[in-house]
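Right, one structure below, let's go through it.
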Amino acid sequence: MRLLGYASLPAIPVALYMALVAAPTEAFMGHSQRIMYIHVPAAIASYLSFAIVAAAGALYLWRRRDHLDALAHAAAEVGVLFTTITLLTGSLWGRAAWGWWWTWDPRLTTTLVLWLIYVAYLIMRQAIDDPERRARFSAIFGIVGFLDVPVVHLSVVWWRSIHPPNFAGGGTTLDPAMQQALAVCAAAFLLFTLFLIALRWRVERLERSAARARASGRGAAGD
Amino acid sequence: MVYVFAGYAVAFVLMLAYVLRLAARVARLEADLRRPGNFGDGGTVE
Numbered sequence: 086m087r088l089l090g091y092a093s094l095p096a097i098p099v100a101l102y103m104a105l106v107a108a109p110t111e112a113f114m115g116h117s118q119r120i121m122y123i124h125v126p127a128a129i130a131s132y133l134s135f136a137i138v139a140a141a142g143a144l145y146l147w148r149r150r151d152h153l154d155a156l157a158h159a160a161a162e163v164g165v166l167f168t169t170i171t172l173l174t175g176s177l178w179g180r181a182a183w184g185w186w187w188t189w190d191p192r193l194t195t196t197l198v199l200w201l202i203y204v205a206y207l208i209m210r211q212a213i214d215d216p217e218r219r220a221r222f223s224a225i226f227g228i229v230g231f232l233d234v235p236v237v238h239l240s241v242v243w244w245r246s247i248h249p250p251n252f253a254g255g256g257t258t259l260d261p262a263m264q265q266a267l268a269v270c271a272a273a274f275l276l277f278t279l280f281l282i283a284l285r286w287r288v289e290r291l292e293r294s295a296a297r298a299r300a301s302g303r304g305a306a307g308d
Numbered sequence: 002m003v004y005v006f007a008g009y010a011v012a013f014v015l016m017l018a019y020v021l022r023l024a025a026r027v028a029r030l031e032a033d034l035r036r037p038g039n040f041g042d043g044g045t046v047e
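Chains as they are written, first to last, in this note's numbering: chain F, 86 to 308; chain C, 2 to 47.
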């Protein structure tokens, strides 16, 4: 975890330099286009986080290990953070590029649905008291919720959308210097995402240790 | 330019607030778990 922290700390200023200074200014949108260097990496970070939720959930259903449920919870919270950043920066982009803050475009709508799914996941976790039942339900919810990620990604292919096309798969005409800046920003965000998930996972495991210590203390006091 | 500033400010404030909150929680929990006599025998956590 410390290694991820030490790696992501210098990576963030480098990414900021690439995004705000080194990348060329876009011909039509001007500086507003630089929002892309934070919007796209945040979206990729949310995909990664929700993939970890689904993978940890599936492994939990197989192995029934508490730390896997803790990992899924940690990644879901970080994923919601990055989806929030994606939606907010996307809204700012929309205002600058299209003239409005929000439209019910397939990409925007499916991303909002993704955010709602994992907010509901976090609320559901709060609502179930039994830890084993909570972990089981959350694992299933996290796996089913992940089905929206490919829908979000392919929404610009499947439906008519005003959102720019996906970068993966050759759907872009982005300048090579812009692609380079975007790649550096995405790498920095991915490192930072893994660091945040590791840190949040540590909090979750410490809280569970404290809860177990409290429970055994109460049990000993009642004996 | 104002949209760029707003976008980066929103993202970095959210990320910074979150990482500081997590770091504070780790520090508090580690201190609580290390403290002798804590948890169930007159300790201070909740």
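No residue lacks a Cβ here, since even glycine has one placed at the ideal position from N, Cα and C.
Small disclaimer: the values here were computed from a predicted structure and weren't measured.
Rounded to whole angstroms, LEU166(F) and LEU15(C) show a C-alpha spacing of 8 Å. Every alpha helix (DSSP H) stretch that sits fully inside the stretch 208 to 232 of chain F and reaches 4 residues is listed by chain position as 216 to 231. The three-state secondary structure of GLY115(F), taken from DSSP, is strand. THR171(F) counts as buried, since no fewer than 16 other beta carbons sit within 10 angstroms of its beta carbon. Taking a contact to require three or more Cβ pairs closer than 8 Å, the stretch 240 to 247 of chain F and the stretch 190 to 207 of chain F qualify as touching.
Going by DSSP, GLY8(C) is part of the alpha helix (DSSP H) stretching over 3 to 35. Residue burial annotation: MET2(C) is exposed, with fewer than 16 other C-beta atoms found within 10 angstroms of its C-beta.
If you draw a straight line from the Cα of TYR4(C) to the Cα of LEU105(F), it is about 13 Å long. Counting along the chain, the unbroken alpha helix (DSSP H) around LEU156(F) starts and ends at 151 to 182. What ARG26(C) touches in chain F, judged by beta-carbon distance under 7 Å, is VAL288, going in chain order. LEU34(C) reaches chain F at LEU291, SER294, ALA295 and ALA298, counting residues in chain order whose Cβ is nearer than 8 Å. The beta-carbon of LEU30(C) is placed less than 7 Å from the nearest beta-carbon of chain F.
If you check the CB distance, LEU133(F) and THR278(F) come in under 7 Å.
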